[in-house]
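Notes to accompany the following structure.
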Ligand code: G4P
């Protein structure tokens, strides 16, 4: 098969949601449909839901699970589907955001009872920033959900995206019977089945079908008719180009648990979701069908086996064909590298990847050469852009508890922050190390892993800062003046970019007003930073 055909048959996406909306359940049902697993319950939930902050072993266990489910590849009717998993816990949101740089589209799961939640909003913000095409699955229609029209309005208002219902629920709560596909006009009634593939009771395009009336009842049929008429008046007709540009989201209603509405969602996804497209690099735009291979690292995972300090880097192929054992060029280190045992994640099991095409994600064993944002190519200097690092909201100083183990501590802190677990800043005088995260849980993970993997003990001293802002300016002088004047609230990241540590919104306001020539940023671009390393 030529490379164009390989690209066209690939769909690389992530299923994202606020924790508990049903991401894991939906993923599992898609895998069942794709034949990758045979029984429900085979996909372990990649989340740290019930973890208390002291439950380190649980964190470790979860890390193991998340390696296994980081990428799930299935072949479905000739389409190669790469599902990239994202952690559910909000403290690991940054990991999710970075994973979103490696997908071509997303399916957003929303709980029909709760509607739009905190994480839903944040995830959607990242999708909007990157103009990622979004499909929405409104889940748990078997529960006493909100009204479908209200839900669509809420999505539009809160997520700032136009919606286009593709499937309409027939009843809800205990009266939920199935879905009406507004595009194909097909009604599907289901026999709820929690454990495996739902039985389709009836599938018809004839709304007058007597069997249909018998199961659904006249009252519910009348209601459905009214709702469908209203929906076609109220909502945008589907325009694929608007979906592909990230402005319009096809919406499906259903129940992941009872396997209702999943088939319509999946079939539509395969038909309209984009195949791998252009990837932007600082130097130029890279097209997938280019002959030469290129790709970038978006996630690093330390190996679970403490005896082997190697890590796995997850690389998304952007162009050309990746081949095992071929020499590739590591842009940041300016050196050639060869990968003897790259891994693919076909049908949820790891196996050696002989080759990989654009859209694919491969796991590369690494002993510390690869960082998030790094790119590999066949010799060209490429720095893929838009791999964000988000402004941390909790900042703590690392306090070494065992001065004799300083080296181990430094190495551990460096490697763990390179993994993307947290961000590292340095403050003078004394080269103090400050760790910044978006959640408290990371500090427990770091402390635990420093001790178990590096033999170093540390504590964290809480600092009074509420947020960090990366600073840039056209005028070196102005930036220098600000750094001098506010040295006690200035730190530097690993690329030596100055960062302003703000104690409050008020402090931020004062600083921005005092230094109008300096720009304050809440995100920094990792790939661009790696370029300067
Ligand atoms: P997440 O990955 O987004 O965090 O959510 P997950 O799929 O784990 O689902 C969270 C809870 O919601 C689970 O219940 C799951 O069974 C339930 N759920 C998912 N989809 C549906 C649905 O369509 N209808 C209903 N009624 N429930 C649904 P749990 O009790 O927390 O876990 P479990 O013990 O059932 O695994």
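In the numbering used here, the protein residues as written are -19 to 513. Glycine is no exception: its CB is placed at the ideal position from the N, C-alpha and C atoms.
Any non-hydrogen atom of the ligand G4P within 7 Å of residue i CB
i	result
residue 227	no
residue 237	yes
residue 419	no
residue 89	yes
residue 299	no
residue -6	no
residue 120	yes
residue 5	yes
residue 123	yes
residue -3	yes
residue 2	yes
Under the three-state DSSP convention, the category residue i falls into
i	result
residue 101	helix
residue 245	helix
residue 208	helix
residue 4	helix
residue 198	helix
residue 163	coil
residue 342	strand
residue 386	helix
residue 281	strand
residue 314	coil
residue 422	helix
residue 89	strand
residue 580	Because the chain is modelled from -19 through 513, residue 580 falls outside the range shown and cannot be assessed.
residue 309	strand
residue 56	strand
residue 446	coil
residue 153	helix
residue 334	coil
residue 413	strand
residue 403	strand
residue 433	helix
residue -15	helix
residue 348	coil
residue 491	helix
Span separating the alpha-carbon of residue i from that of residue j
i	j	result
residue 151	residue 232	14 Å
residue 468	residue 479	11 Å
residue 234	residue 126	13 Å
residue 513	residue 85	Confidence is the limiting factor: at residue 513 the pLDDT is only 44, short of 50, which leaves the residue's position unreliable, though a coordinate-based value still follows. Looking at the two C-alpha atoms, the distance is approximately 31 Å.
residue 403	residue 205	54 Å
residue 309	residue 356	5 Å
residue 353	residue 200	53 Å
residue 392	residue 433	8 Å
residue 470	residue 407	7 Å
residue 66	residue 120	20 Å
residue 372	residue 106	16 Å
residue 31	residue -16	Because residue 31 carries a pLDDT of 43, less than 50, the predicted location of this residue cannot be relied on, and no value is offered for it.
residue 3	residue 89	6 Å
residue 484	residue 444	9 Å
residue 29	residue 422	Per-residue confidence for residue 29 stands at a pLDDT of 45, beneath the threshold of 50, marking its modelled position as unreliable; the derived number appears in the next sentence. Taking the straight line joining both Cα atoms gives about 14 Å.
residue 296	residue 219	29 Å
residue -5	residue 146	18 Å
residue 34	residue 419	Residue confidence is low: residue 34 scores 43 on pLDDT, short of 50, so the model does not pin down where it sits. Its coordinate-derived value is still stated next. Taking the straight line from one Cα to the other gives about 14 Å.
residue 362	residue 270	14 Å
residue 268	residue 486	46 Å
Identified DSSP bridge partners for residue i
i	result
residue 136	Paired residues: none, contrary to the question.
residue 169	158, 182
residue 144	230
residue 266	259
residue 498	453
residue 503	370
Closest residue to residue i among the options (Cα-Cα distance)
i	options	result
residue 60	250, 79, 202, 73	250
residue 278	367, 417, 307	367
residue 210	222, 162, 241, 168	162
residue 292	10, 280, 13, 7	280
residue 514	448, 72, 15, 118	A question about residue 514 goes unanswered here, because the residues of the chain that appear run from -19 up to 513.
residue 154	165, 171, 146	171
residue 87	497, 166, 223, 75	223
residue 370	462, 320, 338, 502	502
residue 504	113, 260, 474	474
residue 400	410, 167, 390, 417	417
residue 135	359, 114, -18, 323	114
residue 149	140, 138, 137, 166	166
residue 304	414, 331, 311	331
residue 282	290, 275, 194	290
residue 98	130, -3, 132	-3
Closer than 7 Å: residue i CB and nearest the ligand FMN heavy atom
i	result
residue 400	The model on display carries the ligand G4P but not the ligand FMN.
Closer than 8 Å to chain D by CB, residue i
i	result
residue 62	The structure shown contains no chain D; it is built from a single protein chain.
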